[in-house]
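Novice: One structure coming up, written as structure tokens, with questions to follow.
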Amino acid sequence: MDLLFYCRGGYEADLLAELEQALGQKGLFGYAKMSKNSAFLRYCLPQHNAQPYSLESLKAINEQVPTLEKLVFARQKLHVLADIEFDSEDRISTLLKMFDAHALPMFSDVFVEYPDSEEGKQLAKFCKKFTVPLRNKLRQQGHLHKKPSNNQPFLHLFFQQSGKCIVAISIVNDRSLHHLGIQRLKMPSAAPSRSTLKLEEAIHLFFNERQASALFSQGMRAADLGACPGGWTYQLIQRKIVVEAVDHGEIAENLMATGLVEYYSQDGFLYKPQHSNVDWLVCDMIEQPTRVSELMLQWLETGKANACIFNLKLPMNKRHKVVAPILSRLEKALNDRFSEIVIKAKHLYHNRDEISVLIIVNTQMISSYKENKR
Ligand SMILES: C[S@@+](CC[C@H](N)C(=O)[O-])C[C@H]1O[C@@H](n2cnc3c(N)ncnc32)[C@H](O)[C@@H]1O
Numbered sequence: 001m002d003l004l005f006y007c008r009g010g011y012e013a014d015l016l017a018e019l020e021q022a023l024g025q026k027g028l029f030g031y032a033k034m035s036k037n038s039a040f041l042r043y044c045l046p047q048h049n050a051q052p053y054s055l056e057s058l059k060a061i062n063e064q065v066p067t068l069e070k071l072v073f074a075r076q077k078l079h080v081l082a083d084i085e086f087d088s089e090d091r092i093s094t095l096l097k098m099f100d101a102h103a104l105p106m107f108s109d110v111f112v113e114y115p116d117s118e119e120g121k122q123l124a125k126f127c128k129k130f131t132v133p134l135r136n137k138l139r140q141q142g143h144l145h146k147k148p149s150n151n152q153p154f155l156h157l158f159f160q161q162s163g164k165c166i167v168a169i170s171i172v173n174d175r176s177l178h179h180l181g182i183q184r185l186k187m188p189s190a191a192p193s194r195s196t197l198k199l200e201e202a203i204h205l206f207f208n209e210r211q212a213s214a215l216f217s218q219g220m221r222a223a224d225l226g227a228c229p230g231g232w233t234y235q236l237i238q239r240k241i242v243v244e245a246v247d248h249g250e251i252a253e254n255l256m257a258t259g260l261v262e263y264y265s266q267d268g269f270l271y272k273p274q275h276s277n278v279d280w281l282v283c284d285m286i287e288q289p290t291r292v293s294e295l296m297l298q299w300l301e302t303g304k305a306n307a308c309i310f311n312l313k314l315p316m317n318k319r320h321k322v323v324a325p326i327l328s329r330l331e332k333a334l335n336d337r338f339s340e341i342v343i344k345a346k347h348l349y350h351n352r353d354e355i356s357v358l359i360i361v362n363t364q365m366i367s368s369y370k371e372n373k374r
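Numbering (full-length UniProt numbering), first residue to last: 1 to 374.
This is how it looks when you write it as structure tokens:
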């Protein structure tokens, strides 16, 4: 039984390290088929080699492996159904034969994908062109539902060359709904920096729409440490939140003109909130990751912030080795201090060598997060 994960090129070893750590804790061991900069990782679990797969058996296996949400360095998580080599240009007929050979479930939609790598990008045009006729044919033959829905499995065809692909399935509630596992975002014209996309993606990833509107709303206050020129502040004021923007640099004038930004030219490590506490603390300072995580911990533990989103800058390699103890320390310290917490971390598409972390410790905010989950 093989699992297929997508990640940023160059992060395969980090994903493997975190996957093996999580699987090892459950007594599961396998081996990886991967190459550096390939932007994906295939992982074989020999204990689970039962074929043909039923959707039920796949779901049972899926429950034993870490969820996509738990894997910091994974963008997508799939189960491999078959490897297909095409011996003619008529790829659709070959795929239809596979449907006859394996008792596959009916899918909600089909994603024709490729690695997010330099080589993979060469296949983007081909994959795009192949998608519509394939989707139409699969629908015609009763392999796809008439309307895509997020409550059904998706079929994924993962091409590394136009002549062969991995056929895989994604499981409901444990997958990215985005093509290639990448949330594409349009750069807002009024935002002063591309960094704005990091916080926007984090909000989309960590929350559904209902959670986001409940947790970021008018009347809230935030502190943005290392705010300049204001990309993250922009995201918060778009949500009508008053922002204490802290940086020695300058904040873009159009943001100051909204009247929602209070600017403080101070050191983010020494700054204290203006009114004893804020709903949201956000931080994008380029600093040692442990220094930033300890600062976040201090704000949360002392009640200066109810929740936070921050980025941790990563070293050039062995990122999992650096990140894992930081996240464990945060989780342990906050679980000792609070009855319940929400903590999530992800290497986002718009992050370069950094990850984004969400933590909520406030009881009301956690209730709101849970109530609006579905
Ligand atoms: C990556 S930029 C932040 C970009 C910002 N999030 C945006 O979206 O526009 C990092 C910022 O952190 C600020 N910074 C670094 N160390 C700081 C410190 N100790 N106190 C305050 N700001 C700091 C830098 O001046 C810089 O403006």
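Virtual Cβ for every residue (Gly too), placed ideally from N, Cα, C. Just so it is clear, the structure is predicted and the values come from calculations on it, not from any experiment.
What's the C-alpha gap between Arg374 and Phe207?
Specialist: 10 Å
Novice: Measuring CA to CA, which of Asn317, Val342, Phe126 is closest to Met365?
Specialist: Val342
Novice: Using a beta-carbon distance below 8 Å, is Asn277 in contact with chain D?
Specialist: Protein chain content of the structure displayed is limited to a single chain, and chain D is not contained in it.
Novice: So for Phe29, helix, strand or coil by DSSP?
Specialist: coil
Novice: In its own chain, which residues sit with a C-beta less than 8 Å from the C-beta of Leu330, not counting the 5 before and 5 after it?
Specialist: Ser293, Met296, Leu297, Ile343, Val357, Ile359
Novice: Between Leu314 and Ile326, what straight-line distance do the alpha-carbon atoms span, to the nearest angstrom?
Specialist: 12 Å
Novice: Can you list, in chain order, the residues of its chain with a C-beta nearer than 7 Å to that of Pro46? Leave out the 5 residues immediately preceding and following it.
Specialist: Gly30
Novice: Roughly how many angstroms separate the alpha carbons of Lys370 and Tyr43, rounded to a whole number?
Specialist: 32 Å
Novice: Indicate whether the contact test is met: 3 or more Cβ pairs, each with one atom in the region 299 to 312 and one in the region 265 to 281, closer than 8 Å.
Specialist: yes
Novice: Measuring from the CB of His143, is there a heavy atom of ligand 1 at a distance below 7 Å?
Specialist: no
Novice: According to DSSP, what are the bridge partners of Asp83?
Specialist: Looking at the DSSP output, Asp83 sits in a beta bridge with Ile166.
Novice: Going by other Cβ atoms of all chains shown within 10 Å of its Cβ, with 16 needed for buried, is Gly24 buried or exposed?
Specialist: exposed
Novice: Jot down the residue ranges of each uninterrupted alpha helix (DSSP H) in the UniProt domain "RlmM ferredoxin-like" (3 to 78), minimum 4 residues, whole runs only, in chain order.
Specialist: 12 to 25, 55 to 64
Novice: Is the beta carbon of Trp232 within less than 7 Å of some heavy atom of ligand 1?
Specialist: yes
Novice: Would you report the Cα separation of Ala124 and Tyr264, rounded to the nearest angstrom?
Specialist: 46 Å
Novice: Write down every uninterrupted run of the alpha helix (DSSP H) in the region 174 to 208 whose length is 4 residues or greater and which is fully enclosed by it, in chain order.
Specialist: 196 to 206
Novice: Quick test of the definition: if touching needs 3 or more C-beta pairs under 8 Å, does the region 230 to 242 touch the region 278 to 288?
Specialist: yes
Novice: Could you give the C-beta distance for Ala223 and Val246, rounded to a whole number, given that I count them as a contact under 8 Å?
Specialist: 6 Å
Novice: Can you tell me whether Ser356 is helix, strand or coil according to DSSP?
Specialist: Three-state result, Ser356: strand.
Novice: With DSSP as the reference, please indicate the residues paired to Trp280 in a beta bridge.
Specialist: Ala222, Ala307
Novice: Is it buried or exposed for Gly268, if we count other Cβ within 10 angstroms and need 16 for buried?
Specialist: Flag for Gly268 reads buried.
Novice: From the DSSP output, which residues share a beta bridge with Val110?
Specialist: Leu155
Novice: Put Val361 into one of helix, strand or coil per three-state DSSP.
Specialist: coil
Novice: Where does Glu371 sit, in a helix, a strand or coil, going by DSSP?
Specialist: helix
Novice: Taking only three categories from DSSP, how would you classify Tyr271?
Specialist: coil
Novice: Is it buried or exposed, Gln76, if we count other Cβ atoms within 10 angstroms and call 16 or more buried?
Specialist: buried
Novice: Does Gln183 pass the burial test, meaning 16 or more other C-beta atoms within 10 Å, or should it be called exposed?
Specialist: buried
Novice: Assuming residue 434 and Glu113 are in contact, meaning their beta carbons sit under 8 Å apart, how far apart are those beta carbons, in whole angstroms?
Specialist: The structure shown does not extend to residue 434, since the chain is modelled only from 1 through 374, so no value can be given for it.
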